[in-house]
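Enquirer: Have a look at the structure that comes next, please.
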Amino acid sequence: MPVRQPILHPLIGAGVLRQTPSSLSAILDWRMGCGMLCVVGEDSFACGPYGGTPQLLVAQGGEGTTCSALAVAHYYFTIASSMWWVVLCLAWFLAANRKWGAESIAGLAPYLHAACWGFPALLSVIVLVTNSIDGDVFTGICSVGNLQPKALLYYLFLPLTGCIILGLFLLACGICSMMRIRTYIKLQHADVDKNIRKLEKLIVSGFAVMYVLPTAASAAVLCYQAIQMPSWIDTLYTLRCLHPDRIKFGFTMPRTSCSQRIDSISPGPELVLIFIKYLCQLIVGITCAVWICSAKTVASYQKAYARVILQRAAVATDEH
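Using the working numbering, the first residue of the sequence shown is number 5, and each one after it goes up by one.
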């Protein structure tokens with residue numbers, strides 16, 4: 005069966021290459037979700053006293069070193085995870101559409117690492133320079149764009165959406181190539197056609213659904229937040245201005261000077277949307293971790309542990 009090896013090799017190579025980007029995506033997406041909350045605690049850095057008053061206010065800009073560090077870490081790893089999703093789709097595209105082998109794709113590793121770690125670093129610097137950091141009162145951590153709609157739109161929604169669209173485009177090109185290969189083989193090898201269909205479902209459909217759906221849902225919530233943020237801020241301002249004890253919130257003018265009446269206030273943010281946003285971030289990391297759980301992944305980490313910690317030389321093995 006001379007046609008089997010040259011056709012299946014790129015597709016199998018794509019499956020093997022999924023592990024590094026998927027591993028990084030799993031770690032990066034889980035990274036700050038519950039880890040930061042365990043370290044930070046309720047409102048530890050998202051809120052703090054303003055000036056000499058004991059009143060707690062939401063942290064904004066670079067008011068605190070710890071708040072800025074947490075925000076940059078959260079933002080950096082969020083963008084890096086999306087970049088690794090694009091790299092994974094690119095590897096599948098090169099293997100399935102361009103017929104690249106695993107060795108050829110591995111040769112791009114230095115450039116891919118530079119892009120996936122460098123681009124988020126550049127955006128993180130821009131976020132710091134533009135003071136786009138503020139506290140998130142729902143989670144108690146500092147992140148980007150919680151009270152700034154433009155920062156939320158430009159620095160989070162657009163990069164995440166761009167990575168999703170680019171990754172889906174590369175996946176679509178790879179799927180088209182797989183379909184052409186399957187059509188070519190179908191008349192000659194029915195068993196190979198069956199295996200390719202399974203491979204398509206496993207690699208393309210499985211991981212794409214696990215990553216795209218939660219990430220797209222999170223991006224949709226970010227877009228909704230950016231659109232509704234001005235209305236929410238006006239509502240909060242009016243409620244504080246009309247509060248019976250409004251002096252403690254810094255309002256010294258008469259209540260009649262408030263911008264709105266209590267009966268004309270628009271509703272505030274739905275807590276379920278905030279819950280969905282952070283739940284989707286955790287789901288992506290968990291599903292990626294489940295996706296990479298295999299005997300080969302465990303063996304790879306055992307080899308890495310033996311070489312780095314135990315200083316043992318790698319034993320050459322035959323890969324099938």
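Each residue gets a CB set at the ideal place from its N, CA and C atoms; glycine is no exception. Note that the structure is predicted; figures quoted are calculated from it, not measured.
1) Counting along the chain, where does the beta strand (DSSP E) carrying CYS146 start and finish?
2) Output the distance between the C-alpha atoms of TYR309 and ALA113, rounded to the nearest integer angstrom.
3) Could you give the distance in angstroms between the alpha-carbon of GLN285 and the alpha-carbon of TYR80?
4) Ends of the alpha helix (DSSP H) at ILE137?
5) Report yes or no: do the segment 127-145 and the segment 91-100 share at least 3 C-beta pairs separated by less than 8 Å?
6) Report buried or exposed for LYS154, applying the criterion of at least 16 other Cβ atoms within 10 angstroms of its Cβ.
7) Quick check: what's the CA-CA separation for ASP140 versus PRO271?
8) Just to confirm my understanding: we take VAL90, look at its own chain, exclude 5 residues before and 5 after, and list those with CB closer than 7 Å. What are they?
9) Measuring straight from C-alpha to C-alpha, what distance separates PRO218 and CYS292?
10) How long is the line joining the alpha carbons of LYS103 and ALA221, rounded to whole angstroms?
11) Please check the pair TRP295 and MET214, which I expect to be a contact at CB under 8 Å, by giving their CB distance rounded to whole angstroms.
12) In the DSSP assignment, find the unbroken alpha helix (DSSP H) run with CYS262 in it and report its ends.
13) Have a look at VAL76, LEU94, ILE83, GLY289 and flag the residue whose alpha-carbon is nearest the alpha-carbon of VAL129.
14) In angstroms with no decimal places, state the Cα-to-Cα distance between GLN229 and GLY105.
15) In three-state DSSP terms, what is ARG244?
16) Can the beta-carbon of TYR159 be found closer than 8 Å to that of LEU126?
17) Quick check on DSSP: helix, strand or coil for THR134?
18) Can you tell me the Cα-Cα spacing of LEU314 and ALA176, whole angstroms?
19) Alpha carbons only, please: which of ALA303, CYS120, GLY122, ALA95 is nearest the one belonging to GLY111?
20) Where LEU162 and LEU116 are concerned, what is the direct C-alpha to C-alpha distance, given to the nearest angstrom?
21) Counting only the same chain and skipping the five closest in sequence on each side, list residues whose C-beta sits under 8 Å from that of CYS42.
22) For the alpha helix (DSSP H) that contains TRP104, what are its first and last residues?
Expert: Based on what the coordinates show:
1) Mapped onto the sequence shown, residue 146 falls at position 142. 146-148 is the span of the beta strand (DSSP E), which, as asked, contains CYS146.
2) Within the sequence shown, residue 309 is the residue found at index 305, counting from 1. Within the sequence shown, residue 113 is the residue found at index 109, counting from 1. If I take the Cα positions, the gap works out to 21 Å.
3) For the purposes of this step, residue 285 is taken as the residue at position 281 of the sequence shown. For the purposes of this step, residue 80 is taken as the residue at position 76 of the sequence shown. Taking the CA atoms as reference points, GLN285 sits about 14 Å from TYR80.
4) Position 133 of the sequence shown, counted from the first residue, corresponds to residue 137. If you look at ILE137, you'll find it isn't in any alpha helix (DSSP H); it sits in the beta strand (DSSP E) that goes 137-139.
5) Segment contact: the segment 127-145 against the segment 91-100, fewer than three CB-CB distances shorter than 8 Å; contact not assigned.
6) Position 150 of the sequence shown, counted from the start, is the residue given in the question as residue 154. Only exposed fits LYS154, as fewer than 16 other CB atoms lie within 10 angstroms of its CB.
7) Taking the sequence shown and counting its residues from 1, one reaches residue 140 at position 136. Taking the sequence shown and counting its residues from 1, one reaches residue 271 at position 267. Cα to Cα, the separation comes out at about 19 Å.
8) Looking up residue 90 in the sequence shown gives position 86. Once the five neighbours on either side are set aside, the close Cβ partners of VAL90 are CYS167, LEU170, GLY171.
9) If you number the sequence shown from 1, residue 218 lands on position 214. If you number the sequence shown from 1, residue 292 lands on position 288. Taking the straight line joining both Cα atoms gives about 12 Å.
10) Residue 103 sits at position 99 when you count from the first residue of the sequence shown. Residue 221 sits at position 217 when you count from the first residue of the sequence shown. Between the C-alpha atoms of LYS103 and ALA221 there is a straight-line separation of about 33 Å.
11) By one-based count along the sequence shown, residue 295 stands at place 291. By one-based count along the sequence shown, residue 214 stands at place 210. With 8 Å as the limit, TRP295 and MET214 qualify as a contact, their Cβ atoms being about 6 Å apart.
12) Here residue 262 refers to the residue found at position 258 of the sequence shown. Per DSSP, CYS262 belongs to no alpha helix (DSSP H) and is neither H nor E.
13) Stepping through the sequence shown from its first residue, residue 129 is reached at position 125. When each option's Cα is compared against that of VAL129, the closest is VAL76.
14) Locating residue 229 in the sequence shown gives position 225, where the first residue counts as 1. Locating residue 105 in the sequence shown gives position 101, where the first residue counts as 1. For GLN229 and GLY105, the distance between alpha carbons rounds to 43 Å.
15) Counting from one through the sequence shown, the residue named residue 244 turns up at place 240. In the structure shown, ARG244 sits in a helix (DSSP, three-state: H, G or I).
16) Working through the sequence shown from its first residue, we reach residue 159 at position 155. Working through the sequence shown from its first residue, we reach residue 126 at position 122. Contact: no.
17) Within the sequence shown, numbered from 1, the residue matching residue 134 stands at position 130. Reduced to three states, the DSSP call for THR134 is coil.
18) Reading the sequence shown from its first residue, position 310 is the one you call residue 314. Reading the sequence shown from its first residue, position 172 is the one you call residue 176. Taking the straight line from one Cα to the other gives about 43 Å.
19) By one-based count along the sequence shown, residue 111 stands at place 107. The closest CA to that of GLY111, considering only ALA303, CYS120, GLY122, ALA95, is found on ALA95.
20) Your numbering for residue 162 matches position 158 in the sequence shown. Your numbering for residue 116 matches position 112 in the sequence shown. Distance between the alpha carbons of LEU162 and LEU116: 21 Å.
21) Taking the first residue of the sequence shown as position 1, residue 42 is located at position 38. Confidence in CYS42 is poor, its pLDDT being 49 and thus under 50, which makes the residue's placement unreliable; the coordinate value appears in the next sentence. Within the same chain, and ignoring the five residues on either side of CYS42 in sequence, no residue has its Cβ closer than 8 Å to its Cβ.
22) One-based indexing of the sequence shown puts residue 104 at position 100. Per DSSP, TRP104 belongs to no alpha helix (DSSP H) and is neither H nor E.
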